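Residue numbers (the numbering used here), protein chains in the order written: chain P, 25 to 174; chain D, 25 to 174. All C-beta atoms, glycine included, are put in the ideal place defined by N, C-alpha and C. Bear in mind that the values here come from a model prediction, so they are computed numbers and not experimental data.
Below you can see the structure in the form of structure tokens.
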């Protein structure tokens with residue numbers, strides 16, 4: 025059956041950000057729908073973000089395009105250029121290597137539900153607001169200043 | 025601005041299916057949002073399917089995973105196993121090389137809006153109900169019986 029039972033897909037709550045940066049993503053529930061459905065070429069994250077929560081720390085990917093669509097609720101896309109309201113059906117795209125970091129925040133009083141798509145992550149992800157980078161090869165965070173900048 | 029102005033994205037109405045197979049996709053409006061946003065790694069099709077219309081002829085891809093999410097309206101996912109109702113927020117995934125062809129049909133009285141994702145198409149797409157295959161290299165259709173089967 026190709027239709028996905030979303031509530032039955034494995035879920036992870038919160039984030040792997042080191043303290044104190046995990047607070048903003050607390051309560052976030054992410055389901056890796058692509059993996060749950062046996063897809064190898066697409067990473068598909070179904071995220072439910074509670075009121076007051078963030079989709080992620082603001083970030084950009086060195087080597088992966090990213091596409092986001094809001095399924096339910098209302099969020100605010102925050103990037104280096106400002107704040108943009110996003111509601112159900114709204115889409116946003118982020119090109120690989122574009123250093124204008126982004127995230128979505130939920131300033132509303134009900135859950136924000138979104139899907140995020142990319143090819144499987146194989147390159148570093150940068151978090152400019154908190155001085156960290158995530159390394160795909162080791163699935164770990166490091167201080168940005170201790171690593172080479174590109 | 026990462027948020028996509030969907031109505032301003034280039035759109036194509038109908039399909040390239042040879043007659044008489046184009047009829048079912050008549051009135052379908054597709055916007056290639058990934059390309060419109062400058063993405064190279066993800067093909068993102070935003071499709072609006074009128075009442076009575078189909079997303080596509082029933083098909084399967086040799087080499088590309090596919091992921092579909094319904095954004096608005098109601099559709100029916102049809103594959104070799106039967107019919108499954110799909111409404112806003114519902115998702116379905118189709119693995120590369122899975123010969124269980126699929127499409128979505130709109131049996132309702134209002135438009136069906138969906139997004140379909142894959143990596144850029146580089147392999148043949150097969151249409152078992154109409155005996156055709158589409159070749160990515162030449163962007164053309166051929167009778168399935170005149171080509172090698174795999």
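Taking C-alpha positions only, residue 112 of chain P is separated from residue 93 of chain D by approximately 12 Å.
By alpha-carbon distance to residue 126 of chain D, the top candidate from D:167, D:160, D:150 and D:138 is D:150. At least one CB of chain P lies nearer than 8 Å to the CB of residue 96 of chain D. Interface with chain P (8 Å Cβ-Cβ cutoff): residue 166 of chain D is excluded. With a threshold of 8 Å between beta carbons, residue 65 of chain P makes contact with chain D.
Shown here for residue 110 of chain P: same chain residues with a beta carbon closer than 6 Å to its own, the five before and five after excluded, namely 94, 99 and 101 in chain order.
Taking the beta carbon of residue 62 of chain P as reference, the chain D residues within 7 Å of it are 119, listed in sequence order. Residue 164 of chain D counts as exposed, since fewer than 16 other beta carbons sit within 10 angstroms of its beta carbon. Annotation: residue 145 of chain P to residue 124 of chain P spans about 18 Å, alpha carbon to alpha carbon. Against chain D, the CB of residue 37 of chain P has no partner CB under 8 Å away; the residue lies outside that interface. Following the DSSP letters along the chain, one finds residue 57 of chain P in no beta strand (DSSP E) but inside the alpha helix (DSSP H) bounded by residues 57 to 60. Within the same chain, Cβ atoms closer than 6 Å to the Cβ of residue 153 of chain P are found at 82, the five residues on either side in sequence being excluded.
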